[in-house]
Structure formats: structure tokens, C-alpha cells
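The structure under discussion appears below in the form of C-alpha cells.
Numbering (our numbering), first residue to last: -10 to 369.
Pasting the structure below:
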């Protein structure tokens, strides 16, 4: 399937006649969760305003802190309980009645229940759905009863949207293989250009050292446990290797024992994160599953190569030997031992070029604008 997209056939404009008149397109985002990559996606949508859209966000009241103060938020008492889901549906209906949005954009799997409520009420408001990584891909095995139930629910309910936005070609392939309903398009995730200065670097580098960076949660999905174990063994054979962990643990996950040889930086926000990417020889992403992996284009925008596991969407994001390395998840140590600092440095121009050609927010906004205009035309 490669990187082909249904949206390639649409005009990739950032604005439309509708967006330039007195009635800009109004988009209501319906979210059961709005943290991490989803929050980044929503904030970029608000800033980029595809098709001149004016966004409002239906989010759990406990997660409003992930948005700037001027964001148009509609908080509700959320939670993955019957009461929380009922509150989401009630808040959606109230927002539709009061704001009269032109398009509803549903995010992540639990919001499909709100989409179902919308359609069973008889409403034909144009709707988009983005899974931000299909729920079934997070399972160790998809063949059990839980996997079958998830495939049934998300595969059928996704078809209630006018279009399903897959954030990677991997997600679109998976939906096709599983027979998920609906019109599926691929609009690869993107990131805004560098937020801050690369200098001064956040750590000192001695000659001959190779500094690796991990950015994210310390949880099972991100594979931090596998990385820490493999790096501890590799560093005993190659003491010039250095690993910096930017991020932290999450509630409910197993505590991770991290050796003193690994530097823990904690969470780094805003403009400071680019200093870490720019200073590292490479970013390493050892995820067990990944619908996309925003840290990859974040590294590329700083010209930093990326070492990724062979799981989920990650192999589609890296050209092995040119912008990084794709490694089998059970062979992290072997690839750490084979790292060459000069070879990584030679990849930096290609990494920046990859960001500029593929992962800019302008490209992303243009494709979303074309899709929004297309579903609006289809309903006229």
C-alpha cells in the first residue's frame, strides 16, 4: 500500500471559499481521552485550522490542562464507565444544539459510542473518525475472544463516519485486512517545525561517545523495559554508549528499575525538547506496538536519525541505512553493539529532508482541508 492516500486525488488547499466568507466551518472534536499524541493532534488542528475550520473540543474535564487557555473547550465529567460515556453523549448533544457544528470529528475508540448515538438519533451531520491507532493492534494476540469483540465493535462502528482518517499506512492496511467498514483514507501524522533553539545542548559529549535518546512513557507499549535491559548489557561491552531517558512512568504500570549508568531527565516540555533531539546521535523507539510514533518526525525535524523496532507503523517511517535503522524487537542489544557514530552523523541531512518532504504540519493540514471540503460537498 506504501504511502498512497485517497486524499491524493483531492485539491490540497489550506482554505476554501467557505472558510473565507462570514461563516467559517465549525468542527466539534469529540474525545473520550485527550492526552499524549491525541492532545498534540488536536492542538495542531486548532493552530493549523484546515479549511479555515474553527474548532471546539469536547474533552474530559480532568484533561483540560493539556490545552492552551484560549482553546474552545467543552469539558464533561468523563471516564470509561457507563456514567462517563453517557456524560460524553449528553455533552455532545448539547454542543450540537448550541453550537450547530458543520462537522464532528471523533477521536479514539471509545468515542465510537458517541458516533453510534449520533447516527441512531437520525442525525446526518458529516463526521470523521480517527482511531489514533486501532485498538486491536494493542493486543498481544488478535485471535482471542477480546480481539474478536474489539474487531467487531471498532470495525463496524467506524463505518458510521463519512470517512475514517488513518494516521499511518500501517493502520489503513490493518483495517483493510480485517475488513473494517467505511471509507478509509491515510493522512500521515505530522509535527510543527522546531519549537525552540538547539543550543545550548542539555548534556556534555566527549569524543567517541554515542548518545542515544528515548522520549516517552515508561510503559509496556513503549518497550522501555526491553531497552533498559538491552542497553545495560551493551554498555558493559561498549562503555562509550550513553542513553538519556526523557519521560517517566505512568500510574498502574510496573515500576522500572533503571541502572545508574542511564541518565533520567524526567519530562521535558515545550521548546526544550528540541535541544535533546538535536544533541543526540540518534533517537531509539523500541515500541511493542505503535499506530504512528510522533517522536520519529520530531527527531527528523532536528536532523536526528531514528532507530525503531519492527513493530506497527514504525518500519514505514524509517528508511533503514538512510534515516535510521529498523531492528527486530528481540535484537536490540545486537544493534546497539553495532552502532557507528560517524554513520549516524552522515544521516542527519537526509533526516531533515525527510521531515521537510513528508512530515510538515502544512502537508497534513492541506490533506485534512481537502478531506473536510470533500465530505461537505458530498452532503450538499
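The C-beta atom is built at its ideal place from N, Cα and C for all residues, glycine as well.
Compare the C-alpha of residue i against each of the options and name the closest.
i           : options            : result
residue 66  : 53, 58, 57         : 53
residue 290 : 141, 262, 28       : 262
residue 236 : 223, 356, 254      : 254
residue 330 : 314, 343, 320, 345 : 314
residue 37  : 187, 366, 356, 258 : 356
residue 174 : 343, 202, 152, 106 : 152
residue 128 : 294, 346, 312, 277 : 277
residue 21  : 59, 79, 60         : 79
residue 231 : 212, 210, 202      : 202
residue 339 : 323, 285, 182, 312 : 312
residue 207 : 221, 245, 226      : 245
residue 287 : 322, 345, 335      : 345
residue 204 : 309, 335, 19, 267  : 267
residue 210 : 226, 187, 238, 59  : 238
residue 171 : 154, 186, 187      : 154
residue 108 : 81, 134, 323       : 81
residue 87  : 73, 63, 72         : 63
residue 68  : 50, 269, 111, 324  : 50
residue 187 : 219, 269, 226      : 269
residue 342 : 294, 360, 61       : 294
residue 73  : 61, 59, 60, 102    : 102
Please go through the same chain and pick out, in chain order, the residues whose beta-carbon is closer than 7 Å to the beta-carbon of residue i, but skip the five residues on each side of it.
i           : result
residue 302 : 157, 159, 160, 279, 280, 281, 282
residue 104 : 95, 116, 118, 146, 149, 150
residue 350 : 33, 37, 179, 180, 181
residue 219 : 321, 322, 325
residue -10 : Because residue -10 sits at a pLDDT of 38, beneath the cut-off of 50, its placement in the model cannot be relied upon, and the point is left open.
residue 227 : 326
residue 214 : 245
residue 106 : 78
residue 352 : 179
What are the partner residues of residue i, as DSSP defines its beta bridges?
i           : result
residue 233 : 202, 252
residue 119 : 96
residue 271 : 201
residue 349 : 180
residue 18  : 46, 94
residue 207 : 238
residue 63  : 47
residue 173 : 153
residue 282 : The partner list for residue 282 (beta bridge, DSSP) is empty, contrary to what the question assumes.
residue 372 : Because residue 372 is not part of the residues shown, which for the chain are -10 to 369, the question remains open.
residue 142 : DSSP, once it has assigned bridges, lists no residue as partnering residue 142.
residue 313 : 295, 309
For residue i, which residues of its own chain have a beta-carbon under 6 Å away from its beta-carbon, when the five flanking residues on both sides are left out?
i           : result
residue 328 : 199
residue 15  : 43, 90, 91
residue 169 : 144, 147
residue 212 : 275, 276, 277
residue 183 : 263, 290
residue -5  : Because residue -5 sits at a pLDDT of 44, beneath the cut-off of 50, its placement in the model cannot be relied upon, and the following sentence gives the value as read from the coordinates. Here the set comprises 174.
residue 164 : 173
residue 309 : 315
residue -7  : Reliability of the predicted coordinates at residue -7 is poor, the pLDDT of 37 falling under 50, and the value obtained from them is presented with this limitation in mind. Here the set comprises nothing.
residue 285 : 295, 306
residue 368 : 115
residue 5   : Bear in mind that the predicted position of residue 5 carries a pLDDT of just 35, short of 50, making it too unreliable to give a figure here.
residue 61  : 45
residue 304 : 315
With the cut-off set at 7 Å, would you say residue i and residue j are in Cβ contact?
i           : j           : result
residue 44  : residue 34  : yes
residue 84  : residue 31  : no
residue 223 : residue 333 : no
residue 257 : residue 274 : no
residue 23  : residue 48  : yes
residue 39  : residue 260 : no
residue 191 : residue 265 : yes
residue 320 : residue 292 : no
Tell me which same chain residues have a C-beta within less than 8 Å of the C-beta of residue i, skipping the five on either side of it?
i           : result
residue 26  : 121, 178, 281, 283
residue 28  : 52, 55, 56
residue 247 : 217, 234, 253
residue 13  : 7, 41, 42, 43
residue 124 : 98, 139, 143
residue 365 : 7, 14, 91, 92, 115
residue 9   : Reliability fails at residue 9, whose pLDDT of 45 lies under 50, so the model's placement of it is uncertain and the value that follows must be treated cautiously. Closer than 8 Å at the Cβ level, and outside the excluded window around residue 9, lie 41.
residue 221 : 248, 250, 251
Rounded to whole angstroms, how far is the Cβ of residue i from the Cβ of residue j, which I believe are closer than 8 Å?
i           : j           : result
residue 316 : residue 180 : Contact flag wrong, Cβ pair sits at about 23 Å.
residue 166 : residue 197 : Between residue 197 and residue 166 the Cβ distance is about 46 Å, and since that is not below 8 Å, they are no contact.
residue 299 : residue 318 : 6 Å
residue 100 : residue 19  : 5 Å
residue 176 : residue 361 : About 11 Å; that fails the 8 Å criterion.
Are the C-beta of residue i and some C-beta of chain B separated by less than 7 Å?
i          : result
residue 58 : No chain B appears in this structure, which consists of one protein chain only.
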